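Shown next, in structure tokens, is the structure this report addresses.
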Amino acid sequence: MAKPHAGPNDDQLSTTEPPNFVFRILQLTWVRVRESRETIAYATAIVISTILGIVLEAFIAVCHESATGDVWQSIGAGSGPNSPISRPDDPNNRYMSVLISLKRLKDENVFFILFHIFQFYLGIDSLVRQSIIQLMAHAANQLICVILALVQLSETLKWNASVDAVDEATGKTTDRSAFYRALRFEIALAVIMFVLTGIFAFLCVKLLRQFGWNVYKRLGADPKLQARFRQTQIFLLNLKLDGFFHIVFSIFWIVVMTQEGYHRGSAAAITWYVFHFILTVIQFPAPFIARYGVLTETPRYMISFLVVQGLVAVDFVIVLQQSSTSWAFWVMAVCLAILLSIVSQILCSVPRSHQSF
Numbered sequence: 020m021a022k023p024h025a026g027p028n029d030d031q032l033s034t035t036e037p038p039n040f041v042f043r044i045l046q047l048t049w050v051r052v053r054e055s056r057e058t059i060a061y062a063t064a065i066v067i068s069t070i071l072g073i074v075l076e077a078f079i080a081v082c083h084e085s086a087t088g089d090v091w092q093s094i095g096a097g098s099g100p101n102s103p104i105s106r107p108d109d110p111n112n113r114y115m116s117v118l119i120s121l122k123r124l125k126d127e128n129v130f131f132i133l134f135h136i137f138q139f140y141l142g143i144d145s146l147v148r149q150s151i152i153q154l155m156a157h158a159a160n161q162l163i164c165v166i167l168a169l170v171q172l173s174e175t176l177k178w179n180a181s182v183d184a185v186d187e188a189t190g191k192t193t194d195r196s197a198f199y200r201a202l203r204f205e206i207a208l209a210v211i212m213f214v215l216t217g218i219f220a221f222l223c224v225k226l227l228r229q230f231g232w233n234v235y236k237r238l239g240a241d242p243k244l245q246a247r248f249r250q251t252q253i254f255l256l257n258l259k260l261d262g263f264f265h266i267v268f269s270i271f272w273i274v275v276m277t278q279e280g281y282h283r284g285s286a287a288a289i290t291w292y293v294f295h296f297i298l299t300v301i302q303f304p305a306p307f308i309a310r311y312g313v314l315t316e317t318p319r320y321m322i323s324f325l326v327v328q329g330l331v332a333v334d335f336v337i338v339l340q341q342s343s344t345s346w347a348f349w350v351m352a353v354c355l356a357i358l359l360s361i362v363s364q365i366l367c368s369v370p371r372s373h374q375s376f
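Start counting the sequence shown at 20; every next residue gets the next number (the working numbering).
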């Protein structure tokens, strides 16, 4: 029996490969972002917030670097601090204390830039996944951006006043124009973030109804199923927060330990340096392992994640003890890391059922 003759497009159809994972993600992102006027407006606001936040933070960082150079000229000689947690060798040298504080400000600038990048991911991902909990977290984080901008402003004012006080005590004159440039950028950043926070809050309320209806159509009216869905969404959100804050703070502490010479210190210092480094590397795949464990309901993956989070909590407790300092930002950052580890362990330990979420 003769085989049917193949049409001209049959070979093309048979050789066409399905779109790869990246293409499917980009296609889904494009569809979800353009789903309604509110999603388009929210995505546009995310892009504007990210660009303006990063640009203004970069300008502020340049101003702080310039201010550091001006203060260093007033010091005249000597060696600078090894790291942001260094203590001045000469307690009587008040310029050195200001110099250490300015070094901390520059590190805070880097963190704030990374936080804006994380906010971009968190916001777009909340639209793609249509996650109500994640959307609310993104809007709340935007308010944190306002608070961080105001903290930056207050710190610049504080250290500008400190330089002025030291100048009067020593009879020197330090160029403080960089401080005033930083203040202008910080005021602009605080105002812009405040306005965008209001926009995000307004759009978030609109999108909560839209996403809530979409979720209802997927899950139905079963309250138990909806409760399990919310519980899983909270856990996945916490994984994202873990992945950002823990890794960023851990890498920062590796840099500090290297600057302070832990890898050339005693056996205990070298052991902790190696332990912290290995734990930092493990944290990169840990959230993905935990997510896979939730999706497949595999206990061994969740137990592994629990062990890692326990070690992370212990590690940051040691970090807090080792870096006991007047740097309020770092103390709050380490406490946040410890809190996230504890919350992750609690959420990971709560039984859940996850079918096709």
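All residues carry an ideal CB built from backbone N, CA and C; glycine is no exception.
All of these numbers come straight from a predicted model, not from anything done at the bench.
An exposed status is given to Glu316, since fewer than 16 other beta-carbon atoms sit within 10 Å of its beta-carbon. Assigned with DSSP and collapsed to three states, Asp183 falls in helix. Burial check for Tyr235: the Cβ neighbour count within 10 Å stays below 16, so the residue is exposed.
Spanning the alpha carbons of Cys367 and Tyr311 requires a straight line of approximately 13 Å.
Here Leu75 is near Leu208, since their CB atoms are less than 8 Å apart.
Looking only at Asp183, Gln328 and Trp178, the smallest Cα-Cα distance to Ser269 is reached by Gln328. Straight across, the Cα-Cα distance linking Gln171 with Phe130 is about 12 Å. The region 353–360 makes contact with the region 251–265; the number of CB pairs closer than 8 Å reaches 3 or more.
Scanning Phe348, Thr251 and Leu355 for the CA closest to the CA of Lys125 turns up Phe348.
Excluding five sequence positions before and after Asp186, the CB atoms of its chain that fall closer than 8 Å to its own CB belong to Ser93, Thr192 and Thr193, given in chain order.
Looking at the backbone, the Cα of Tyr114 and that of Leu226 are separated by about 51 Å. Listed in chain order, the beta strand (DSSP E) elements of length 3 or more contained wholly in the region 261–318 amount to none.
Here Gln252 has Ser150 and Ile152 as same chain residues with Cβ atoms under 6 Å from its own Cβ, once five neighbours each way along the sequence are excluded. In the three-state reduction of the DSSP assignment, Gln340 falls in the helix class, which pools H, G and I. Secondary structure note for Asn233: its alpha helix (DSSP H) is the uninterrupted segment Ser196 to Leu238. The C-beta distance from Phe204 to Ala86 rounds to 12 Å, too long to fall under 8 Å, and the pair is not in contact. Contact annotation: the region 211–221 touches the region 54–71, with at least three C-beta pairs closer than 8 Å.
For Lys243, the secondary structure class from DSSP, reduced to helix, strand or coil, is helix. Under the three-state reduction of DSSP output, Ser150 falls in the coil class, being neither helix nor strand. Here Ile143 is buried: its Cβ has 16 or more other Cβ atoms, across all protein chains shown, within 10 Å.
Cβ neighbours of Val117 within its own chain (closer than 8 Å, five residues either side excluded): Val90, Trp178, Ser181, Val182 and Val185. Residue environment: Asn160 is assigned as buried (16 or more neighbouring CB atoms within 10 Å of its CB, all protein chains considered). If you look at Thr63, you'll find it in the alpha helix (DSSP H) that goes Arg56 to Ile94. Exposed is the label assigned to Asp241, since fewer than 16 other Cβ atoms lie within 10 Å of its Cβ. In its chain, beyond the 5 residues on either side, Phe131 have a beta carbon closer than 7 Å to the beta carbon of Leu167.
Between Val293 and the set Ile163, Ser342 and His282, the nearest pair of CA atoms involves His282. Exclusion of the five residues before and after Val147 leaves Leu47, Thr48 and Arg51 as the residues of its chain whose Cβ lies within less than 7 Å of its Cβ.
Between the alpha carbons of Ala188 and Gly88 lies a gap of roughly 20 Å. For Val336, the CB contacts under 8 Å within the same chain, skipping 5 residues up- and downstream, are Ile357 in chain order.
Of all alpha-carbon atoms in Arg56, Phe42 and Phe134, the one lying nearest the alpha-carbon of Ile73 is that of Phe134. Shown here, Arg51 sits in a helix according to DSSP, grouped into three states. Scanning its chain for C-beta atoms nearer than 6 Å, with the 5 sequence neighbours on each side dropped, one finds around Cys164 the residues Met212, in chain order.
When only Cα atoms are considered, Ile79 and Ser363 end up about 34 Å apart. In this structure Trp346 is not in contact with Arg56, their Cβ atoms being roughly 45 Å apart against a cut-off of 8 Å.
Following the DSSP letters along the chain, one finds Trp349 inside the alpha helix (DSSP H) bounded by residues Ala347 to Ser368. Excluding its 5 nearest sequence neighbours in each direction, Leu141 has C-beta neighbours in its own chain below 6 Å: His157, listed in chain order.
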